[in-house]
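To convert, take the position in the sequence shown, counting from 1, and add 85; that gives the working numbering. Glycine residues also receive a C-beta, built at the ideal position from the N, C-alpha and C atoms. Because the structure is a prediction, the values reported are computed rather than measured. Read through the structure below, which is laid out as structure tokens, and then see the notes.
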Amino acid sequence: MNLHRNLLNEPPETRLADNPEAREALAGADDPTPVAGRFPEYSAAWARLAELALADGQPVAAYAYARTGYHRGLDQLRRSGWKGHGPVPWEHEPNQGFLRALHALGKASEQIGDAEEAERCASFLRDSSAEADKVLNG
């Protein structure tokens, strides 16, 4: 008997695979640009670029970086069995790059005046991970 079966018929959590080489490269980099170039599938590098651009008052660049990280993350989520909805837990470190890119996309969208996209991203973040929403939005 499976004691961990989901009785509420909710979708299972999606946990992305770790990329230790990319993670270590980003952790040791002052500038995430070469990491994004070397590991273009690594959402955390794009998220960091977006966060830096937002902090530097460059919302259009942040939007482009965040959109790239977001789409790379969606591709990985789908390959991991995600069906377009369901939990993407913040607590699983490999998920954080996607969730940070999603958050940055919402912030950049808000700053360039795309309120609809900003709200869609905020809602998607809350639906994917309440913990990510709490951590990233304080």
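With DSSP run on the structure shown, which of helix, strand or coil describes TRP131? helix
What number of angstroms, rounded off, separates the C-alpha of PHE183 from the C-alpha of ALA132? 7 Å
Would ARG157 and SER128 be called neighbours here (beta carbons separated by less than 8 Å)? yes
Do you know whose CA, among GLU176, ASN180, ALA189 and GLY166, lies nearest THR153's CA? ALA189
Within 10 angstroms of its Cβ, does SER208 collect 16 or more other Cβ (buried), or is it exposed? exposed
Within 10 angstroms of the Cβ of ASP218, are there 16 or more other Cβ atoms? Answer buried if so, exposed if not. buried
How long is the line joining the alpha carbons of ARG185 and LEU221, rounded to whole angstroms? 8 Å
My output table needs one value for ASN94: the three-state DSSP class, helix, strand or coil. coil
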